[in-house]
Structure formats: C-alpha cells, structure tokens
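Contents: one structure, followed by commentary.
Protein chains: 2
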Amino acid sequence: MRLHSYWRSSAAYRVRIALALKGCEAAVVTHDLRADEQRAPGYLNLNPQGLVPALESDDGAVLTQSLAILEWLEERYPAPPLLPQDAGDRAQVRAMVALIACDMHPLNNLRVLRYLRHQLGADQAAVSAWIGHWIAQGFAALEVLVARHSRGFAWGDAPSLADCCLVPQVYSAQRYAVDLAPYPRIVAVAGHCAGHPAFRAAHPLAQPDADPDA
Amino acid sequence: MRLHSYWRSSAAYRVRIALALKGCEAAVVTHDLRADEQRAPGYLNLNPQGLVPALESDDGAVLTQSLAILEWLEERYPAPPLLPQDAGDRAQVRAMVALIACDMHPLNNLRVLRYLRHQLGADQAAVSAWIGHWIAQGFAALEVLVARHSRGFAWGDAPSLADCCLVPQVYSAQRYAVDLAPYPRIVAVAGHCAGHPAFRAAHPLAQPDADPDA
Numbered sequence: 000m001r002l003h004s005y006w007r008s009s010a011a012y013r014v015r016i017a018l019a020l021k022g023c024e025a026a027v028v029t030h031d032l033r034a035d036e037q038r039a040p041g042y043l044n045l046n047p048q049g050l051v052p053a054l055e056s057d058d059g060a061v062l063t064q065s066l067a068i069l070e071w072l073e074e075r076y077p078a079p080p081l082l083p084q085d086a087g088d089r090a091q092v093r094a095m096v097a098l099i100a101c102d103m104h105p106l107n108n109l110r111v112l113r114y115l116r117h118q119l120g121a122d123q124a125a126v127s128a129w130i131g132h133w134i135a136q137g138f139a140a141l142e143v144l145v146a147r148h149s150r151g152f153a154w155g156d157a158p159s160l161a162d163c164c165l166v167p168q169v170y171s172a173q174r175y176a177v178d179l180a181p182y183p184r185i186v187a188v189a190g191h192c193a194g195h196p197a198f199r200a201a202h203p204l205a206q207p208d209a210d211p212d213a
Numbered sequence: 000m001r002l003h004s005y006w007r008s009s010a011a012y013r014v015r016i017a018l019a020l021k022g023c024e025a026a027v028v029t030h031d032l033r034a035d036e037q038r039a040p041g042y043l044n045l046n047p048q049g050l051v052p053a054l055e056s057d058d059g060a061v062l063t064q065s066l067a068i069l070e071w072l073e074e075r076y077p078a079p080p081l082l083p084q085d086a087g088d089r090a091q092v093r094a095m096v097a098l099i100a101c102d103m104h105p106l107n108n109l110r111v112l113r114y115l116r117h118q119l120g121a122d123q124a125a126v127s128a129w130i131g132h133w134i135a136q137g138f139a140a141l142e143v144l145v146a147r148h149s150r151g152f153a154w155g156d157a158p159s160l161a162d163c164c165l166v167p168q169v170y171s172a173q174r175y176a177v178d179l180a181p182y183p184r185i186v187a188v189a190g191h192c193a194g195h196p197a198f199r200a201a202h203p204l205a206q207p208d209a210d211p212d213a
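Sequence order for the protein chains is H and U. All residue numbers for the first sequence refer to numbering that gives the first Met the number 0, where the first residue is 0 and numbers rise by one. All residue numbers for the second sequence refer to numbering that gives the first Met the number 0, where the first residue is 0 and numbers rise by one.
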C-alpha cells in the first residue's frame, strides 16, 4: 500500500494511526501542502479533490477521504477492531468521529484559513479567534461524550476510530495554542494514546517530511 | 423511533431520505434552528452539540451525527442496502459521502454563515461568494466521481448513502442560487432521485415545519 500524506495534515494523521494500529505497512508519499503539491496534475488524477490523504491499495484501488479509508481498513483488516461490536456502540464511536471530522477539522484546515486571510481580509487575531471558536464548540460537546464513554481511550479501554480522530485534533489545537484546560478528559485521552506505540509512529514529527522549524 | 429534525437542515434531510428508503417509521420532532430551539436545555441533554439531527431509537438510545446515524441504519436495517457489498466499492460510496459531509456542508451551514456575518463583518456578497466557492470546490470533484460511478444514481443503479448526501447538497446549492450548469452529472442524479418516492417524502417542503415563505 502507498499512503499519500503530509506530516501536519490531521486527516492523513488519522489514517497513519489506523494503519499502525492494524499493523499495516504502507509506503509514504509526501506532498507539501504549503507548496500546493497536492494540486499537481498527476495527483489530481488519483484524487480529483487534490487533498491528502489518499491510499493506494495492494490491488491498485485508490481510496480517498480519511473517514472512508478508516472504514475500509476496519472492513479489510478487522483485527484489532477499531469499532465495537454492538451497532449502538458503533454509532457512539462514529458520532465522536463525525463531530471532529465534520464539525471541527473542516473549518480550520489550511485552505479555509487561507480563504479567511486572502478573500475575507481577516487578520491573524481574527483567524485565531475563528480557530479557537470552532475548537471550543466541538471540544465542549466531545468532552461530555468522552466523560460518558471513556475508560482510558475515547470510547472504552481500547483504541477506536474515535482516538484516530481525537489525537490529531488535539495536536492541531495545541499547534494553534488553544487553551485545553476546559477539556481535561479529552486531554487525558490524548495523553493515554501518546504512550501507545502506534500513536507514536503516526505522530507528525515521526514522518519523513516533518519540518520542526515550520 | 423519533427523529429530531428541521425542514431545511441538510444533515436531517440525509437521515430522512435513508429512513424512507429503509421503510422505517419515525415520528418527527421539529426544532426551529432560526430561533435556536436546538440549544434549549432539554435538547442539549439529548445532544450535547445542540445540532440536528438526533435519532431516538426504539430501545431508548440517542444517536447523533448524520453520518453515524446513516451507518447505524445500514447495520440495523440492512434491506434495502445503501452500501455496495464489496469493501472497495463501499469505500468509493463513503468517499462521496465524506466529500459532501466533511468538505462542503460544514462550511456553509447556518452557524458558520452567522459567524461570517456577525464576527467577521462579511456582507451578503462576501457570504454568497464564500458559499459558492466551497460548493464549486466540492461539486467539481464530485462531478468526476459521479461520472466514473453513476448509472442513474450517484453510485450505480440503486440509491446509496451517496444519494442521501448529494440530494440535500444540491437542494442547498439551489437555495443559494449557485450555478449548477458545470455539474450536469450531479444535476442528473438529483433529477433521477427526485422521481423516487422516498426522496419525495424526505423533501424539506414535505416536512411538518416547512415554511415556504422563509
């Protein structure tokens, strides 16, 4: 398998965590989003959206969209499971996933922040306020869900797709210096995950294109 | 079952379509988003995010987040299937779902447009340009995927979760007067769905809280 990735992309980070949890090997192809490398014609042919991640499977299929890739990994590589067995429990995990992947991350990714700056003329203070607002909205609700369901990890006592999304979102919030003090349970889950080798292997700073000075 | 809904919410519309396709009966509880009724304490206790939809199942579970609800319906009520059988094909359908539900809809929903207006001081022209930009970005890529996979519906010749998301997004684009001429295949799929009784039953104007003058 080949994973098209960028070290600081939250969506690629989710897939890296799931691959590592499943024990799947994938060669990493990096695209520098700051240089718009993901908009190059060759890559657009693979992924018409021009976004990372994309996963090329061993049989030549090209999978796009991190949530679709996570579900595919769960179906093709069922062990260890990253969703509970019961349908109602699965829905709770997927609700955490969607809370992050639909209601938080899309508002704060690079292309949106660029639009705020360049098309709407937002200054750094306005952009920071925007970022903080959507993270606070999402984490306040996620904190309640984690309080209900966590026993170490976001849902229960084993890693799930919820952790695959929570950890990159916490990383992003820290990068933007958002105060996480109001969300002690989310912070505790992220800390718990940080001790797990799969989460360590997937960390942005462990990637071949990491640029700690950026 | 009880569905917490608002006639014009894209996310609730998705779930209404899936319920109708599955032949599931659900009482509808309406919340007027313009009056912030979804932020009332009683509803926040059900859904800490204060968003619609939420689905109360027959066994008393409360499900939130439209994508999680769609997957739950598919698992609990497998006929008719709204995902293909093959894992690779399922990933293609879920990629269309996520393209709409993660990369288009979250940027243009009511709470975001309010932020643009009230916190960033965007005027109507700037808000319209924002809406049109993200719809164009998403639909341009979705048009390529639909061209690859459609045989009447978004993926193949039967309704899928992709149609549950595509139809509300087209409705939203039309509501905002976005030019859909560059996306003839998406428009064709929406037209095809419009003839299906489940899609007609789920339409915003068929809802008890519909306000055609709004």
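Beta carbons: idealized from backbone N, C-alpha and C, even for Gly.
Any beta-carbon of chain U closer than 8 Å to the one on residue i?
i, result
"D210 of chain H", "no"
"G87 of chain H", "yes"
"P105 of chain H", "yes"
"P229 of chain H", "Beyond the ends of chain H as shown, which are 0 and 213, falls residue 229 of chain H; an answer cannot be given."
"C164 of chain H", "no"
"H132 of chain H", "yes"
"V111 of chain H", "yes"
"C101 of chain H", "yes"
"V143 of chain H", "yes"
"L160 of chain H", "no"
"A67 of chain H", "yes"
"A140 of chain H", "yes"
"A39 of chain H", "no"
"A125 of chain H", "yes"
What are the residues that DSSP puts in a beta bridge with residue i?
i, result
"R150 of chain H", "R150 of chain H pairs with nothing; no bridge assigned."
"R3 of chain U", "It is His, not Arg, that sits at residue 3 of chain U in the sequence shown. In the DSSP output, where bridge partners are listed per residue, H3 of chain U has U:V28, U:A53."
"V61 of chain H", "H:E55"
"G87 of chain H", "In DSSP, G87 of chain H forms no bridge with anything."
"G217 of chain U", "In the structure as shown, chain U begins at 0 and stops at 213. Residue 217 of chain U is therefore absent and cannot be evaluated."
Just checking: is the beta-carbon of residue i within a distance shorter than 8 Å of some beta-carbon in chain H?
i, result
"Y114 of chain U", "yes"
"E70 of chain U", "yes"
"E74 of chain U", "yes"
"R93 of chain U", "yes"
"L62 of chain U", "yes"
"V28 of chain U", "no"
"A97 of chain U", "yes"
"A17 of chain U", "no"
"A11 of chain U", "no"
"L119 of chain U", "yes"
"A187 of chain U", "no"
"A90 of chain U", "yes"
As a quick exercise: from the options, pick the residue whose alpha carbon is nearest that of residue i.
i, options, result
"V143 of chain H", "U:S9, U:R7, U:N46, U:V92", "U:N46"
"T29 of chain H", "H:L18, H:G151, H:V186, H:L50", "H:L50"
"Y12 of chain H", "H:L141, H:A153, H:Y42, H:L54", "H:L54"
"R1 of chain U", "U:A39, U:Q37, U:L62", "U:L62"
"P183 of chain H", "H:A135, H:G120, H:C101", "H:A135"
"C101 of chain U", "H:A189, H:F152, H:S9", "H:S9"
"H104 of chain U", "U:G137, U:A205, U:Q91", "U:G137"
"V27 of chain H", "H:L43, H:P40, H:A39, H:W6", "H:W6"
"V223 of chain H", "H:S149, H:P196, H:L112, H:W133", "Because chain H here runs from 0 to 213, residue 223 of chain H falls outside it and cannot be looked at."
"C23 of chain H", "H:A200, H:A205, H:A213, H:P207", "H:A200"
"C215 of chain U", "U:A25, U:R38, U:L82, U:N44", "This structure cannot speak to residue 215 of chain U, because chain U is shown only from 0 to 213."
"Y76 of chain H", "H:A213, H:A121, H:A60, H:L20", "H:L20"
"A67 of chain H", "U:D88, U:W71, U:A60", "U:D88"
"N44 of chain H", "U:P207, U:A140, U:A157, U:A209", "U:A140"
"A25 of chain H", "H:H3, H:L115, H:A213", "H:H3"
"V177 of chain H", "H:Q123, H:L119, H:G41, H:G131", "H:G131"
"L72 of chain U", "U:D122, U:G194, U:I16, U:G41", "U:I16"
"A78 of chain H", "H:F198, H:A157, H:R174", "H:A157"
"R116 of chain U", "H:A121, H:A205, H:Q84", "H:A121"
"D162 of chain H", "H:V188, H:Y175, H:P207, H:G41", "H:V188"
Below 8 Å on the Cβ atoms is my guess for residue i versus residue j; work out the distance and round it to an integer in Å.
i, j, result
"P52 of chain H", "S65 of chain H", "6 Å"
"Y170 of chain H", "P203 of chain H", "7 Å"
"L18 of chain U", "L160 of chain U", "The Cβ separation is near 13 Å, so there is no contact."
"W133 of chain H", "Q91 of chain H", "About 22 Å separates the two Cβ atoms, so there is no contact after all."
"L106 of chain H", "V166 of chain U", "The pair is not a contact, with the Cβ atoms about 24 Å apart (cut-off 8 Å)."
"I99 of chain U", "Q48 of chain U", "Actually they are not in contact, since the Cβ atoms of I99 of chain U and Q48 of chain U sit about 19 Å apart, beyond 8 Å."
"A86 of chain H", "E74 of chain U", "5 Å"
"H191 of chain U", "G151 of chain U", "5 Å"
"L109 of chain H", "L119 of chain U", "No, L109 of chain H and L119 of chain U are not in contact; Cβ-Cβ is about 18 Å, not under 8 Å."
Given 7 Å as the limit, tell me if residue i has its C-beta closer than that to any heavy atom belonging to the ligand PLP.
i, result
"L50 of chain H", "Ligands in the displayed structure: none, and consequently the ligand PLP is not present."
Check your understanding: Are there three or more Cβ pairs, one per stretch, closer than 8 Å when the stretch 121-129 of chain H is compared with the stretch 24-33 of chain H?
Key -> no
Point to revise | Sufficient close CB pairs (3 or more, under 8 Å) joining the stretch 81-95 of chain H to the stretch 135-150 of chain H | key: yes
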